[in-house]
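Below: the structure, in structure tokens.
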Amino acid sequence: MPKPPVPLSGSVCVPCRLAAIGAVVAVLAGGFAYTAGWLSPARLTTSRIVNTFQAAAGQPHPGYRRNHAKGLCVEGHFDSNGDGAVLSSAAVFAPGRTPVTGRFAIPGGNPSAPDTSTPVRSLALLFQLPNGEQWRTGMNSTPVFAVHTPEQFYQQLLAAKPDPATGKPDPVKLKAFYAANPETQPFQAWVKGHSPSSSLANGAYYGINAFLFTDRAGNTRAVRWAMVPDTPYAPITDAQKAARNYLAADLNQRLDSGPLRWHLILTVAQPGDPIGDATLQWPDDRQHIDAGTLVLEHTTSQEDGTCRDVNFDPTVLPSGIKPSDDPLLAARSAAYAVSYQRRTREEALNPALHRTQANGDHS
Ligand code: HEM
């Protein structure tokens, strides 16, 4: 014979129930406190990384990205030739056209920094696929990154923090960081051997991190990508080295004469190539596939243009592309989200913010 159900009310004492509820609340509060880093001030959290970007930028720049703050939006499309489909089933590699929203920028948290404050330039892209998926990528003009792990990246940010007395990083601290982190060698050597391009239009942009491409038959390979310009490379001129703002004006001038083009080059890893380490390049003889042409047509201001409210999180990927186990990718995704949350909140709380900034007042 089935047992009668045990009555719930009255079977557990009231203080015991309150204690159980209290325990659940305490566990949840502890979880939040741990995630926020309050329980372990020495633990590296995403907020601490983003706070360090902010501190390096000096005064606050509300509404702007916490890194790569100086930039402009671009619009265009990607014409796929179909050749990328041998590596990935992503719809973007089928023959045809995909609309693209992008953003050129330079690293650093100050939207008024001189263009010469860094040798690195960046191009971020959002491909809007016909099936509703998106492919977002943030690329730099160097084929390797300086560091391998988020912890090293944080240490690098601390070492490069401008000295309040000079406004520049302390060379002793930087030297000590590089000496303690020999993984930075390939990046330093590359920057030393390559003058920055004279224009945003004539430089290559590299995805740097490896991703996993899966084709229609289910084969998965590690791939890196780069956008290689049709416009021939020319090094930065002496006049440009002395100028504060020339990159955006130069780009707009070139676009006035017609669209600018880059080829999307996919590079396939061989067994044994480092997949999860963005400080190491793969050998030159790896298979390269030209998957099509990126065509950029016009720019808009980053203060009220199409890219303003985009988070170019590199882990937003279409079916057929997945992140690799590179530890920088998860750190990037988390940091871009915190930066995005802060800047969009600032805009929401102060709608007049970008109206004044679009007029040039973003000091
Ligand atoms: C392979 C390494 C990396 C590359 C190629 C890269 C590239 C980029 C690019 C292109 C942007 C500008 C995006 C835009 O125009 O909206 C950007 C922004 C940013 N990056 Fe990175 N980055 C790398 C690593 C990191 C790491 C390790 C962190 C921190 C953990 C980081 C933090 C940020 C933040 C906070 C922003 C601003 C995001 C926003 O507000 O939208 N990046 N990065």
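Here the working numbering is used: the first residue of the sequence shown is 588, the next is one more, and so on. Backbone N, C-alpha and C define an ideal beta-carbon position, used for all residues, glycine too.
Exposed unless 16 or more other CB atoms sit within 10 angstroms - verdict on residue i
| i | result |
| --- | --- |
| Ala797 | buried |
| Glu890 | buried |
| Arg573 | Nothing in the structure corresponds to residue 573, since the chain is present only between 588 and 950. |
| Ala766 | exposed |
| Arg653 | buried |
| Ser844 | exposed |
| Leu881 | buried |
| Pro602 | exposed |
| Leu605 | exposed |
| Cys600 | exposed |
| Val688 | According to the sequence as given, residue 688 is Thr; it is not Val. Result: buried. |
| Lys755 | exposed |
| Ser906 | exposed |
| Lys828 | exposed |
| Gly879 | buried |
| His941 | buried |
| His949 | For His949, the pLDDT reaches just 44, beneath the cut-off of 50, and the residue's location in the model is therefore unreliable, although a value from the coordinates is still provided. When all chains shown are included, His949 counts as buried. |
| Ser596 | Any reading at Ser596 must be qualified, since the residue scores a pLDDT of 49, below 50, and its modelled position is unreliable; the value itself is stated next. Exposed. |
Cβ-heavy atom distance, residue i to ligand 1, below 7 angstroms
| i | result |
| --- | --- |
| Gly845 | no |
| Tyr923 | yes |
| Ile795 | yes |
| Phe680 | no |
| Gly969 | Residue 969 lies beyond the range of the chain shown here (588 to 950); nothing can be said about it. |
| Gly663 | no |
| His781 | no |
| Gly658 | yes |
| Met726 | yes |
| Ser784 | no |
| Phe764 | no |
| Ser704 | no |
| Phe798 | no |
| Val637 | yes |
| Pro816 | no |
| Pro737 | yes |
| His655 | yes |
| Leu915 | yes |
| Ala642 | no |
| Arg930 | yes |
| Asn718 | no |
| Phe732 | yes |
| Asn898 | yes |
Expected contact under 8 angstroms - CB spacing of residue i and residue j to nearest Å
| i | j | result |
| --- | --- | --- |
| Gly663 | Pro846 | 7 angstroms |
| Ala791 | Ala809 | 20 angstroms between Cβ atoms; not a contact. |
| Glu933 | Gly645 | Their Cβ separation, rounded to whole angstroms, is 17 angstroms, which puts Glu933 and Gly645 out of contact at 8 angstroms. |
| Gly724 | Gly794 | Strictly speaking, residue 724 in this sequence is Thr, with Gly absent from that position. Indeed they touch by this definition, with Cβ atoms about 6 angstroms apart. |
| Ser709 | Thr685 | In fact, because the Cβ distance is near 21 angstroms, the residues do not count as touching under 8 angstroms. |
| Ala922 | Thr633 | 5 angstroms |
| Gln868 | Pro773 | 7 angstroms |
| Gly695 | Thr705 | 6 angstroms |
| Arg873 | Ala788 | So it is not a contact: roughly 27 angstroms between Cβ atoms. |
Range of the contiguous beta strand (DSSP E) that encloses residue i
| i | result |
| --- | --- |
| Pro816 | Thr807 to Pro816 |
| Thr866 | Element bounds for Thr866: n/a, residue is neither H nor E. |
| Ser667 | Lys657 to Ser667 |
| Ala711 | Ser709 to Gln715 |
| Gly689 | Gly683 to Ile693 |
| Gly879 | His875 to Ser888 |
| Asn727 | Gln721 to Asn727 |
| Pro910 | Ile908 to Pro910 |
| Leu847 | Leu847 to Val855 |
Element boundaries [alpha helix (DSSP H), containing residue i]
| i | result |
| --- | --- |
| Ile636 | Thr633 to Ala643 |
| Phe740 | Pro737 to Ala746 |
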